[in-house]
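Just add 51 to wherever you are in the sequence shown, counting from 1, and you've got the numbering used here.
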Amino acid sequence: MVFAIVDSYSMEAESIGANINFYHDHIPDVDRSDFVIKTVTDLDKIKFNGLDSGRYPFLIEFWTAFVNYTGMPSFPEVCAPWSLATNIYGMENLLVACLTDPGFVHELMNRIVYDLQVPLIAELKQLFPGAANFTLPDAWCSPPMLTPAIIDEFVEPYLIKLDQAIGPELPFSHAAVWLPEKPGVDFDAYFGLIKRYNGTVNCFDPELFTLGPRYYRELADKLQMPLNLLVSPGFILTATAEQAAERAKLFALVGKDGITPCSTALACIPPFTPIENIKSYIAAVRTFGAPDADADTPFELPESDAGFNAFIKQKMENNVEGYSFSWLSHSGLEL
Numbered sequence: 052m053v054f055a056i057v058d059s060y061s062m063e064a065e066s067i068g069a070n071i072n073f074y075h076d077h078i079p080d081v082d083r084s085d086f087v088i089k090t091v092t093d094l095d096k097i098k099f100n101g102l103d104s105g106r107y108p109f110l111i112e113f114w115t116a117f118v119n120y121t122g123m124p125s126f127p128e129v130c131a132p133w134s135l136a137t138n139i140y141g142m143e144n145l146l147v148a149c150l151t152d153p154g155f156v157h158e159l160m161n162r163i164v165y166d167l168q169v170p171l172i173a174e175l176k177q178l179f180p181g182a183a184n185f186t187l188p189d190a191w192c193s194p195p196m197l198t199p200a201i202i203d204e205f206v207e208p209y210l211i212k213l214d215q216a217i218g219p220e221l222p223f224s225h226a227a228v229w230l231p232e233k234p235g236v237d238f239d240a241y242f243g244l245i246k247r248y249n250g251t252v253n254c255f256d257p258e259l260f261t262l263g264p265r266y267y268r269e270l271a272d273k274l275q276m277p278l279n280l281l282v283s284p285g286f287i288l289t290a291t292a293e294q295a296a297e298r299a300k301l302f303a304l305v306g307k308d309g310i311t312p313c314s315t316a317l318a319c320i321p322p323f324t325p326i327e328n329i330k331s332y333i334a335a336v337r338t339f340g341a342p343d344a345d346a347d348t349p350f351e352l353p354e355s356d357a358g359f360n361a362f363i364k365q366k367m368e369n370n371v372e373g374y375s376f377s378w379l380s381h382s383g384l385e386l
């Protein structure tokens, strides 16, 4: 499955005036030396400024192209309230305020939910009526960065408020990212949140590979929750096709050796990633993820093709859909 995911953490921040740093080799990020919200007097900046603000037009074009190309419903992503708060006020500032000025934090979170995200999602629902759900990525609430007490008071209540405001006809999934630093981390206090709003044990490289997928396979089985093994962008960018296939083989064989479903994903594929790496990873997952496959199942690397640049050139020459390809001028892609 392919999801329409683009820069989920800074779109809303930019729409209210946050400065964004752009890079040629990875996704944009907020300027963490100059947050848009500094004091209580800045809270009025948190409001929905329309779908023509910031990079929303690009995002809408991207989602529309996704639907047109694939025929699948779009899966819009909206930054979860806590992670958005960290990107407009600062993680360190926010944690200190939780302890010293909780009233300010509650006001900040309420403004994010009701003044910015509720009207934003209402507009997106009109544009994408076929959307199956909204995903709320929330990497900045991953343990062990937050305590259970902070999650209970400042994270979960605002997910509930947003859920209630969106309405039952369009559920969302809360995609917290799990990054334990070492085996033995006590997750018990966090499990309720993940079961209610995520329902999946998500784990990223490089911690995933460092600790080994078996650790996470056993954790998911213990919790009776699905497992999702996410490959780091850095690995898929710099690996060889053979290394990509070996990583996929490891994850597939361990991942299916459990009592709950397992999926794997290439998360946030960077520009200039060799197409051979992507094809090799997918081919190996299909081979070794088959029910009867084992470590000795024969596997051959797929043949190379012309690559993404050639694909884009071909689409531009045969542009029956009438796409503008305006994103090229901002992408850093050299055709």
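Here a beta-carbon is modelled for each residue, glycine too, at the ideal position from N, C-alpha and C.
Looking at residue i: is its Cβ nearer than 8 Å to the Cβ of residue j?
| i | j | result |
| --- | --- | --- |
| Ala-182 | Met-160 | no |
| Ile-320 | Ile-329 | yes |
| Phe-185 | Pro-127 | yes |
| Ala-296 | Phe-260 | no |
| Trp-114 | Phe-179 | yes |
| Leu-216 | Ile-139 | Correcting the residue identity first, residue 216 is Ala in this sequence and not Leu. No, Cβ-Cβ distance for Ala-216 and Ile-139 is not below 8 Å. |
| Pro-264 | Leu-301 | yes |
| Ala-316 | Val-282 | yes |
| Asp-15 | Ser-134 | Outside the modelled stretch of the chain, which goes from 52 to 386, sits residue 15, for which no answer is possible. |
| Ala-318 | Pro-342 | no |
Rounded to a whole number of angstroms, what is the C-alpha to C-alpha distance between residue i and residue j?
| i | j | result |
| --- | --- | --- |
| Met-276 | Glu-372 | 41 Å |
| Lys-176 | Gly-358 | 34 Å |
| Val-305 | Val-87 | 44 Å |
| Met-142 | Asn-253 | 22 Å |
| Ala-148 | Leu-278 | 34 Å |
| Asp-58 | Leu-145 | 22 Å |
| Leu-230 | Asn-369 | For Leu-230, the pLDDT reaches just 48, beneath the cut-off of 50, and the residue's location in the model is therefore unreliable, although a value from the coordinates is still provided. Answer to the nearest angstrom: the Cα atoms are 44 Å apart. |
| Val-91 | Asp-80 | 23 Å |
| Arg-268 | Pro-199 | 23 Å |
| His-157 | Glu-204 | 9 Å |
| Glu-232 | Arg-298 | Below a pLDDT of 50, predicted positions are generally treated as unreliable, and Glu-232, at 47, falls in that range; the measurement from the model is reported next regardless. C-alpha separation (whole angstroms): 20 Å. |
| Ser-314 | Leu-280 | 6 Å |
| Leu-213 | Ala-173 | 11 Å |
| Gln-168 | Leu-262 | 37 Å |
| Gly-101 | Val-129 | 15 Å |
| Phe-376 | Ile-201 | 43 Å |
| Thr-151 | Ile-67 | 26 Å |
| Pro-153 | Gly-218 | 28 Å |
| Phe-117 | Met-123 | 8 Å |
| Phe-362 | Asp-166 | 41 Å |
| Tyr-60 | Trp-191 | 10 Å |
Which residues does DSSP list as the beta-bridge partners of residue i?
| i | result |
| --- | --- |
| Asp-80 | Asn-72 |
| Ala-316 | Leu-281 |
| Glu-128 | Thr-186 |
In chain order, what residues of the same chain lie with their CB nearer than 7 Å to the CB of residue i, ignoring the 5 residues before and after it?
| i | result |
| --- | --- |
| Arg-162 | Leu-94 and Ile-97 |
| Gly-340 | Ala-303 and Lys-307 |
| Arg-106 | Met-62 and Glu-65 |
| Thr-348 | Thr-338 and Phe-339 |
| Asn-119 | Glu-372 |
| Gly-383 | His-75 and Pro-322 |
| Phe-155 | Val-91 and Ala-148 |
| Thr-324 | Ile-287 and Leu-288 |
| Ser-355 | Glu-327 |
| Ser-331 | Ala-292, Ala-295, Ala-296, Leu-352 and Pro-353 |
| Ala-22 | With the chain covering only 52 through 386, there is no way to say anything about residue 22. |
Please report the residue range of the beta strand (DSSP E) in which residue i lies.
| i | result |
| --- | --- |
| Phe-255 | 252 to 255 |
Leaving out the 5 sequence neighbours to the left and right, which residues in its chain are closer than 6 Å to residue i when beta-carbon positions are compared?
| i | result |
| --- | --- |
| Leu-171 | Phe-99 |
| Phe-286 | Asp-256 |
| Pro-195 | none |
| Ala-271 | Val-252, Leu-278 and Thr-311 |
| Asn-360 | Leu-386 |
| Lys-89 | none |
| Ile-78 | Asp-58 |
| Ser-380 | none |
| Gly-309 | Arg-268 and Asp-272 |
Just to confirm the assignment, what range does the alpha helix (DSSP H) spanning residue i have?
| i | result |
| --- | --- |
| Gly-306 | 292 to 306 |
| Gly-154 | 153 to 161 |
| Val-169 | 169 to 178 |
| Phe-205 | It is not in any alpha helix (DSSP H) - Phe-205 carries neither H nor E in the DSSP assignment. |
| Ile-363 | 359 to 368 |
| Phe-117 | 107 to 121 |
| Met-62 | 62 to 66 |
| Leu-262 | 258 to 262 |
| Thr-338 | 326 to 339 |
| Ser-193 | Premise fails: Ser-193 is in no alpha helix (DSSP H) and is neither H nor E. |
| Phe-382 | Looking at the sequence shown, residue 382 is not Phe but Ser. Element bounds for Ser-382: 379 to 382. |
Note down, in chain order, each residue of its chain lying with its Cβ closer than 8 Å to the Cβ of residue i, except the 5 sequence neighbours on either side.
| i | result |
| --- | --- |
| Arg-83 | Gly-141 |
| Trp-378 | Phe-109, Glu-112 and Phe-113 |
| Pro-103 | According to the sequence displayed, residue 103 carries Asp and not Pro. Same-chain partners within the cutoff: there are none. |
| Ala-344 | Ala-303, Leu-304 and Thr-338 |
| Met-367 | Phe-376 |
| Lys-364 | Leu-386 |
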